[in-house]
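Contents: one structure, followed by commentary.
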Amino acid sequence: MDATDLARWQFAITTVYHFLFVPITIGLSAVVAWFHMKWVRTHDPEWMRLAKFFGKLFTINFALGLVTGIVQEFQFGMNWSDYSRFVGDIFGAPLAVEALLAFFLESTFLGLWIFGWGRIPEKLHAATMWIVHIGTLLSAYFILSANSFMQHPVGYTYNPATGRAELTDFFAVLTNKVQLVTFPHVALAAYMVGGAVIMGVSLHLMRREALKKAPDAPLYRKAARIGAVVTLVAGLGVAITGDVQGKIMTEVQPMKMAAAEAIYDSVPAGEGAPFSVLTIGSLDGQHTNALIEVPGLLSFLATGSFDGAVKGINDLRTQYLSTYGASGNALVQDAATSYVPNIPTTYWTFRLMIGVGIAAAAIAVAVLWLTRKDRTPTHRWLYWAAIAAPILPVIGNSFGWIFTEVGRQPWLVFGLMTTGAGVSPGVSMGEVITSMVVFTLLYGALAVVEIKLFLTYVRRGAEPYEPPQEPSDRDEDAPLVFAY
Numbered sequence: 116m117d118a119t120d121l122a123r124w125q126f127a128i129t130t131v132y133h134f135l136f137v138p139i140t141i142g143l144s145a146v147v148a149w150f151h152m153k154w155v156r157t158h159d160p161e162w163m164r165l166a167k168f169f170g171k172l173f174t175i176n177f178a179l180g181l182v183t184g185i186v187q188e189f190q191f192g193m194n195w196s197d198y199s200r201f202v203g204d205i206f207g208a209p210l211a212v213e214a215l216l217a218f219f220l221e222s223t224f225l226g227l228w229i230f231g232w233g234r235i236p237e238k239l240h241a242a243t244m245w246i247v248h249i250g251t252l253l254s255a256y257f258i259l260s261a262n263s264f265m266q267h268p269v270g271y272t273y274n275p276a277t278g279r280a281e282l283t284d285f286f287a288v289l290t291n292k293v294q295l296v297t298f299p300h301v302a303l304a305a306y307m308v309g310g311a312v313i314m315g316v317s318l319h320l321m322r323r324e325a326l327k328k329a330p331d332a333p334l335y336r337k338a339a340r341i342g343a344v345v346t347l348v349a350g351l352g353v354a355i356t357g358d359v360q361g362k363i364m365t366e367v368q369p370m371k372m373a374a375a376e377a378i379y380d381s382v383p384a385g386e387g388a389p390f391s392v393l394t395i396g397s398l399d400g401q402h403t404n405a406l407i408e409v410p411g412l413l414s415f416l417a418t419g420s421f422d423g424a425v426k427g428i429n430d431l432r433t434q435y436l437s438t439y440g441a442s443g444n445a446l447v448q449d450a451a452t453s454y455v456p457n458i459p460t461t462y463w464t465f466r467l468m469i470g471v472g473i474a475a476a477a478i479a480v481a482v483l484w485l486t487r488k489d490r491t492p493t494h495r496w497l498y499w500a501a502i503a504a505p506i507l508p509v510i511g512n513s514f515g516w517i518f519t520e521v522g523r524q525p526w527l528v529f530g531l532m533t534t535g536a537g538v539s540p541g542v543s544m545g546e547v548i549t550s551m552v553v554f555t556l557l558y559g560a561l562a563v564v565e566i567k568l569f570l571t572y573v574r575r576g577a578e579p580y581e582p583p584q585e586p587s588d589r590d591e592d593a594p595l596v597f598a599y
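The following block contains the structure:
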């Protein structure tokens with residue numbers, strides 16, 4: 116293990132940790148905005164109680180996501196300076212827009228939403244949370260446009276004199292074909308997470324209130340059903356966009372699709388490449404044994420046809436060695452001689468991503484069935500379902516990103532720069548270890564704070580209804596206090 120390996124571990128830890136909060140932020144902001152809008156339209160107290168209750172959980176999550184996102188950006192200057200120098204001209208524009216526009220919308224209008232109860236007109240107040248949600252989507256779009264350049268570089272020219280990629284078409288970067296399928300896939304996955312969080316929290320509170328025969332059980336039953344519907348509808352969207360994304364991925368990064376199935380020998384057209392649900396073997400090309408497989412499914416995922424041709428790892432490795440191995444380009448000369456990613460990691464994260472998503476959807480179906488016709492079940496297993504519901508899609512998102520990034524290896528920017536060429540040349544193993552230990556301990560402490568705050572407010576449940584004052588009735592000299 117060297118400094119490059121440690122730098123990769125540190126970036127992986129900070130990125131995966133940060134992305135635990137991102138889909139919750141995007142998903143919850145949309146549903147909270149919808150709850151608030153329903154209250155403005157109907158003035159039914161239940162909608163305001165739900166909006167304020169889940170708004171608290173959203174605010175806690177937003178704060179932790181903000182802190183971890185800032186730390187993640189430090190990585191570019193700390194451990195990946197050569198990479199930053201290479202892509203700085205490309206990344207500068209979308210990341211600047213993300214900070215100046217998207218983050219401005221999120222932070223400013225969230226403040227207006229928190230402190231605006233009874234201070235601004237109710238329709239305008241409800242609109243502030245929708246603007247927060249739009250900000251989260253814009254933030255995701257610009258960040259993903261930068262990541263999509265790493266997957267499929269477009270809109271640039273390489274300057275051999277400076278050794279940098281220089282931006283020539285910003286619109287091409289924003290409309291990268293990888294970006295156009297990645298963004299809806301990530302956004303829908305975030306909605307699935309948001310729905311699952313609401314379903315899980317409400318399921319727990321519904322069961323608790325029903326066992327105590329408390330009057331709020333129907334409130335949480337309503338919220339649990341809404342969360343289940345959002346989870347199912349978004350989950351269907353995730354499956355559809357994921358299918359399209361798989362075909363684009365096969366087009367621009369065929370090695371990633373081959374690694375996802377651990378398929379070493381190419382399958383010609385007409386035969387149909389199977390998709391293995393479970394494989395036992397070395398996964399090193401010497402021997403594999405598919406225990407459960409679906410005929411032709413991999414060909415369909417890759418090409419849209421059940422008998423389409425799929426290139427194998429061995430042929431792609433030969434092709435990449437011919438294309439890049441003897442190029443003499445300083446940005447790829449240290450590439451792994453095989454140009455093959457870690458097969459077990461890509462194979463299993465691909466399946467776990469799909470599996471946990473299906474499990475979350477199954478819980479949503481069960482919740483809708485058990486709560487039909489005004490039923491309020493109190494089965495013991497619902498306690499565990501409430502815990503599993505939000506966790507499954509969150510870790511599914513993480514598995515998806517691990518697959519996406521590990522499957523691209525050994526490339527940082529596909530076809531242009533390898534991982535070893537992007538690490539900071541002056542960073543030692545000791546420096547990376549020190550910063551990684553500090554960040555890991557800090558993140559551990561933040562996790563304790565996040566979980567404690569989240570569970571504390573979940574246990575309290577929704578506050579009793581208090582109609583907000585009209586702005587005209589409020590004392591202008593009253594101090595500005597947190598709305599909760």
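Its first residue numbered 116, the sequence shown is counted upward by one per residue in this note's numbering.
Beta carbons are placed, not taken as given, at the ideal position from N, Cα and C, and that holds for glycine.
For this session: Excluding the 5 residues preceding and the 5 following S550 in the sequence, name in chain order all residues of the same chain whose CB lies nearer than 7 Å to its CB.
Result: Here residue 550 refers to the residue found at position 435 of the sequence shown. Once the five neighbours on either side are set aside, the close Cβ partners of S550 are Q125, M193.
Exercise. Out of curiosity, what's the CA-to-CA distance linking G443 and M532?
Worked result: To locate residue 443, count along the sequence shown from 1; it is residue 328. To locate residue 532, count along the sequence shown from 1; it is residue 417. Low confidence applies here, because G443 scores a pLDDT of 48, under 50, leaving its location unreliable and the question unanswered by this model.
Exercise. Are there 16 or more other CB atoms within 10 angstroms of the CB of P410, so buried, or fewer, so exposed?
Worked result: To locate residue 410, count along the sequence shown from 1; it is residue 295. When all chains shown are included, P410 counts as exposed.
Exercise. Run through DSSP, which three-state label would G400 get?
Worked result: Working through the sequence shown from its first residue, we reach residue 400 at position 285. Unreliable positioning characterises G400 in this predicted model, as indicated by a pLDDT of 48, which lies under 50. The coordinate reading is nonetheless provided below. Coil at G400, not helix or strand.
Problem set entry | Close-in-space but distant-in-sequence residues of the same chain around A208 (CB under 7 Å, 5 per side omitted) | Along the sequence shown, read from residue 1 onward, the residue named residue 208 stands at position 93. Hits under 7 Å: L282, F285.
Problem set entry | Given D358 as reference, the closest of L416, E221, Y335 once Cα atoms are compared | One-based indexing of the sequence shown puts residue 358 at position 243. Out of L416, E221, Y335, L416 has the C-alpha closest to the C-alpha of D358.
Exercise. Buried or exposed: which applies to Q479, given that a residue is buried once 16 or more other Cβ atoms fall within 10 Å of its Cβ?
Worked result: Indexing the sequence shown from 1 puts residue 479 at position 364. According to the sequence provided, residue 479 is Ala. The question's Gln does not apply to it. Buried is the call here.
Exercise. Out of I566, L497, E581, which has the shortest C-alpha to C-alpha gap to H320?
Worked result: The residue given as residue 320 occupies position 205 in the sequence shown. Here residue 320 turns out to be Leu, not His, going by the sequence shown. Looking at I566, L497, E581, the one whose alpha-carbon comes closest to that of L320 is L497.
Exercise. Is there contact here, the stretch 361-377 with the stretch 421-434, by at least three beta-carbon pairs under 8 Å?
Worked result: Touching, per the Cβ criterion.
For this session: Tell me where the alpha helix (DSSP H) around A562 begins and ends.
Result: Position 447 of the sequence shown, counting from 1, holds the residue named residue 562. DSSP places A562 inside the alpha helix (DSSP H), whose first and last residues are 544-575.
For this session: Output the distance between the C-alpha atoms of I566 and V288, rounded to the nearest integer angstrom.
Result: Position 451 of the sequence shown, counting from 1, holds the residue named residue 566. Position 173 of the sequence shown, counting from 1, holds the residue named residue 288. Each residue's CA atom was taken as its position, placing I566 and V288 some 38 Å apart.
Exercise. Among the residues of its own chain, which have a CB less than 7 Å from the CB of Y335, if the five just before and after it don't count?
Worked result: Your numbering for residue 335 matches position 220 in the sequence shown. In chain order, S317, L320, M321, E324 place their CB closer than 7 Å to the CB of Y335, counting only its own chain and leaving out the 5 sequence neighbours on each side.
Problem set entry | For L295, three-class secondary structure by DSSP | Mapped onto the sequence shown, residue 295 falls at position 180. DSSP places L295 in helix when its eight states are reduced to three.
Exercise. In this structure, does DSSP put F390 in helix, strand or coil?
Worked result: Translated into the one-based positions of the sequence shown, residue 390 becomes position 275. Looking at F390 - three-state DSSP - the assignment turns out to be strand.
Exercise. Near A145, what residues of its chain come up, given a Cβ to Cβ distance below 8 Å and the 5 sequence neighbours on each side ignored?
Worked result: Position 30 of the sequence shown, counted from the start, is the residue given in the question as residue 145. Correct list, in chain order: H248, Y306, G309.
Exercise. So G350 packs on G472, CB below 8 Å; how close in whole Å?
Worked result: Start at 1 with the first residue of the sequence shown, and residue 350 comes out as number 235. Start at 1 with the first residue of the sequence shown, and residue 472 comes out as number 357. Between G472 and G350 the Cβ distance is about 6 Å, and since that is below 8 Å, they are a contact.
Problem set entry | CA-to-CA distance, P579 to P268, given in whole angstroms | Here residue 268 refers to the residue found at position 153 of the sequence shown. Here residue 579 refers to the residue found at position 464 of the sequence shown. It is roughly 53 Å from the alpha-carbon of P268 to the alpha-carbon of P579.
Exercise. Thinking C-alpha only, which one of G184, V301, G342, V296 is nearest M314?
Worked result: Here the question's residue 314 lines up with position 199 in the sequence shown. Ranking G184, V301, G342, V296 by Cα distance to M314 puts G342 first.
Exercise. Near V155, which residues of its chain fall below 7 Å by C-beta distance, leaving aside the five closest residues on each side in sequence?
Worked result: Numbered from its first residue, the sequence shown carries residue 155 at position 40. Residues E237, K238, A241 of the same chain have their beta carbon placed closer than 7 Å to that of V155, with the five preceding and five following residues left out of the count.
Exercise. Under a three-way DSSP split, which group does G280 fall into?
Worked result: What you label residue 280 is simply residue 165 of the sequence shown in a count that begins at 1. At residue 280 the sequence reads Ala, which differs from the Gly that was named. It is a strand residue.
Exercise. For the beta strand (DSSP E) that T272 lies in, which residues bound it at each end?
Worked result: Residue numbering aside, residue 272 sits at position 157 when the sequence shown is read from its first letter. 271-274 is the extent of the beta strand (DSSP E) around T272.
Problem set entry | contact_flag[the stretch 522-542, the stretch 174-191] where n(CB pairs < 8 Å) is 3 or more | Result no; under three Cβ-Cβ pairs closer than 8 Å.
For this session: Verify whether the separation of the beta carbon atoms of T464 and I548 is less than 8 Å.
Result: The sequence position of residue 464 within the sequence shown is 349, counting from 1. The sequence position of residue 548 within the sequence shown is 433, counting from 1. Against a cut-off of 8 Å, the Cβ pair of I548 and T464 comes out as no contact.
Exercise. Should the stretch 252-269 be regarded as contacting the stretch 211-229, the criterion being three or more beta carbon pairs within less than 8 Å?
Worked result: The stretch 252-269 makes contact with the stretch 211-229: 3 or more CB pairs, one atom from each, lie closer than 8 Å.
Exercise. For S263, which residues from the same chain have a beta carbon less than 7 Å from its beta carbon, with the 5 sequence-adjacent residues on both sides left out?
Worked result: Working through the sequence shown from its first residue, we reach residue 263 at position 148. Hits under 7 Å: N291, V293, Q294, T297.
Exercise. Where does the unbroken beta strand (DSSP E) through L347 begin, and where does it stop?
Worked result: For this step, residue 347 is matched to residue 232 along the sequence shown. For L347, there is no enclosing beta strand (DSSP E); the residue is found in the alpha helix (DSSP H) stretching over 332-367.
Exercise. Thinking C-alpha only, which one of E161, G231, S196, E188 is nearest A211?
Worked result: Numbered from 1 along the sequence shown, position 96 holds the residue referred to as residue 211. Comparing alpha carbon positions, the residue from E161, G231, S196, E188 closest to A211 is E188.
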